[in-house]
Each structure stands twice: as structure tokens, then as C-alpha cells.
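Let me begin by presenting the structure, written as C-alpha cells, before commenting on it.
In the working numbering, the protein residues as written are 309 to 648.
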């Protein structure tokens, strides 16, 4: 459909027929009428560190957009800090000054998380990794007093301010759930009220967890577990009280190395996929899906029908709920049905 330098996020722009596409180096691009705009809509590359897993990592438009004109962006600052910032849109143009709402020092360059998204409760959710390195070396996964390795929930009802949302259950006031390694991509499916988190594994297993987004205080297990297996300790771990994944994918499966979530299909063009969660892998490049309603069926693999998409880094949907696949080579691909 389009080519964008390392696209990492895509979403429809309410009140228009256009799509907004984020590129990792720190730019947001408008796509409409079959073409990409010649100039970026927002360019913050001068304040983004684009190196390895760092960069512009995600964006979200306020639920009241376009009336509110509020845009939220998650990126790595030049010194590697995690930043959540807000920008104001007026008459279709973005005030590039912005306001920093949340900033957090990162002990390493990897495991920065990525997605930010609004839930049905109107709060803004943000996924952060465990601080990086390997094997949860900084001890954040089960630490209830840090925002790292956690799903955060903010009240952004006041422009320019991100406050801990009421009811957040942990000593770290912004934290809604813990036990995540690197939730690069999650999706909040408003029709079902579920959050689906694709959490990147260590050496052996990738995982997908599904839970009601309204359920606070969950513990997704890292580093006690990796997928459905004990990690620390490597055997006889106590998994009681953990929210274990509904799916694990072995690194021995089709070149799997780093899971890429994922969207729930709510379009009309491919009714066979309605209610399915679609996901891929950065190394595997396949396309798979499973229905998010219980019981959770084994994933179906669609790669033979659609082809291998390469180094898949993200998914997105348009106004109609149709699905787009983004890869590291700069391709933005649209999933379409072929009927015989």
C-alpha cells in the first residue's frame, strides 16, 4: 500500500478518511487518497533516540479527537529515557512543541515497550518492559514499586497532565498490572473489553495473554515464568495467582524469535476472521490468528495464503477495522480477501 521508513504504528484519524503512520526515527505521516504525504505531519526526530529498540514507539489519538485535538506519543529521548508526551492539533496542524507528561530513566537500551492506547474507561494505557538487559537482571518484573515491567494506566482528562488513574492497585501509583518482560505491542479490544498482550520472551518462548482490561492488579508472571514454563526458578516455580498466557510459541516454531502483536479483526471484508487476534513474529514473518473468545483455539496459520511479510514490527487498522501489516523494510501492507 505504501512505503514508510521503518513504520511502527498505524491508526485511522477520526473525522477524516486518512490514516496516520508513525516511523521509528520520530515522524508521523498522513496517508490518504492512495498516497503518502510529501512531508511529515509531525517531526520530533530531533528529540528521539533512534537506535536498536529505541525510537518513536507508539501513538494514540484522544477518544474525543478531532474535537479535542489531542495526540499522545511514546518515544525514547536522546538520553534513552522513556517519554510520554502530548501534542495539540488545531486546524489540521500539530503544535510541535508538545508537553512531556511522563518521563522515566531506563537502565538499558532494550525492552522499552511500545504501545499506548485508550481503554473503554477513557484512561490511557502504556506498556513498559523490564528495563532491558537479559533475564530481568534489574529485578523489575515482580517489583510492585517500579513502572518497569508493567502495564501503566493514566488519567489524562486534564490537558498537559498524566495522573495515576483512580484505582491503580500497586505501590507504584501509575501501575495497573505487573510481570511483563517487553510488551512491545498490546491491543485493547473495546467490543469485548479485553486486553491482548504480546509479550516478547527470553530464549525459548513467546507469549500472548488475554484478560479483561478492567481487571487491575494482575501479574503476568515474568520472570517467574516464560510462556507457560518456569524461568526463575527453572523448575518447581510457584505460578499460583499468576495470569498465564493463553498461547505460547516456541522458538523452534518456524523461525520464531520475537512476537509481534497484533490486532483483533473487527472489519467486514473477511468475516471468517471476525473476533480473531492476528499476530506475527519479527523473524518468522508468518500471519496467524485465533479467536479471543474462550475456549482459546489453536492458532490458524494464513501464511500460505498471504505470503511471508518479512520482519513484521506492528499491525494497525483503518476506519472500517481492516488490517494493515507493517515491516522493518518500510512496507505497509493491507490484508485483503481473495474470493474464488
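Ideal Cβ positions, reconstructed from N, Cα and C, are used throughout, including at glycine.
Asked                                                                                                                                                              : Found
Could you tell me whether the Cβ atoms of residue 581 and residue 623 are closer together than 9 Å?                                                                : no
Where does residue 564 fall in DSSP's three states?                                                                                                                : coil
Tell me the rounded alpha-carbon separation between residue 641 and residue 339.                                                                                   : 13 Å
With a cut-off of 9 Å, does the C-beta of residue 520 fall near any C-beta of chain B?                                                                             : No chain B appears in this structure, which consists of one protein chain only.
Name, in chain order, the residues that DSSP records as bridge partners for residue 490.                                                                           : DSSP output for residue 490 lists no bridge partner at all.
Can you grab the Cα-Cα spacing for the pair residue 571 / residue 594, in whole Å?                                                                                 : 15 Å
What three-state label does DSSP hand residue 355 in the structure shown?                                                                                          : helix
Would a C-beta distance cut-off of 9 Å place residue 473 and residue 461 closer than the cut-off?                                                                  : yes
Can you name, in chain order, every residue of its own chain whose Cβ lies under 7 Å from the Cβ of residue 621, other than the five neighbours on each side?      : 316, 568, 590, 634, 635, 636
Is DSSP giving residue 472 helix, strand or coil here?                                                                                                             : strand
Using a Cβ-Cβ cut-off of 6 Å (strictly less than) and excluding sequence neighbours within five positions of residue 655, which residues of its own chain qualify? : Missing from the structure shown is residue 655; the chain here goes from 309 to 648 and no further.
Determine contact between the segment 530-544 and the segment 495-505, defined as no fewer than three beta-carbon pairs at a distance below 8 Å.                   : no
What did DSSP end up calling residue 595 once you bin it into helix, strand or coil?                                                                               : coil
Any idea if residue 466 is buried or exposed, counting beta-carbon neighbours within 10 angstroms, 16 or more meaning buried?                                      : exposed
What is the C-beta distance between residue 448 and residue 463, in whole angstroms, given that I count them as a contact (C-beta under 8 Å)?                      : Between residue 463 and residue 448 the Cβ distance is about 23 Å, and since that is not below 8 Å, they are no contact.
By Cβ distance, which residues of its chain are closer than 6 Å to residue 411, with the 5 residues on each side in sequence left out?                             : 389, 391
With DSSP as the reference, label residue 613 as helix, strand or coil.                                                                                            : helix
Under DSSP, the beta strand (DSSP E) around residue 403 begins and ends at which residues?                                                                         : 401-412
Among all the DSSP beta bridges, which residues are the ones paired with residue 527?                                                                              : 486
DSSP on residue 580, reduced to helix/strand/coil?                                                                                                                 : helix
Determine the direct distance from the alpha carbon of residue 592 to that of residue 619, and round the result to whole angstroms.                                : 8 Å
Which partner residues of residue 311 appear in the DSSP bridge assignment?                                                                                        : 639
With C-beta atoms as the reference, is residue 487 less than 9 Å away from residue 526?                                                                            : yes
Relative to the C-alpha of residue 561, which residue among 424, 485, 512, 617 is closest?                                                                         : 512
Could you check which residue in 386, 394, 627 has the C-alpha nearest to that of residue 671?                                                                     : Outside the displayed span of the chain (309 to 648) sits residue 671, for which this structure offers no information.
Kindly indicate the opening and closing residues of the beta strand (DSSP E) around residue 521.                                                                   : Note, residue 521: premise wrong, no beta strand (DSSP E); not H, not E.
For residue 359 and residue 647, what's the separation of their Cα atoms in angstroms?                                                                             : 42 Å
Below 8 Å CB to CB, which residues in the same chain sit around residue 372 once its five sequence neighbours on both sides are set aside?                         : 378
Kindly indicate which residue of 614, 583, 615, 321 has the alpha-carbon position closest to the one of residue 605.                                               : 583
Pull up the CB-CB distance for residue 485 and residue 459, whole angstroms please, since I reckon it's below 8 Å.                                                 : 4 Å
Considering Cα atoms alone, identify which of 632, 404, 638, 643 is closest to residue 319.                                                                        : 632
Measure how close the beta-carbons of residue 454 and residue 480 come, nearest whole angstrom, since I'm counting them as under 8 Å.                              : 6 Å
With a threshold of 16 other CB atoms inside 10 Å of the CB of residue 613, please say whether the residue is buried or exposed.                                   : exposed
Let's see if you can read the secondary structure: which residues bound the beta strand (DSSP E) around residue 382?                                               : 378-384
Return the residue from the list 520, 325, 506 that minimises the CA-CA distance to residue 514.                                                                   : 506
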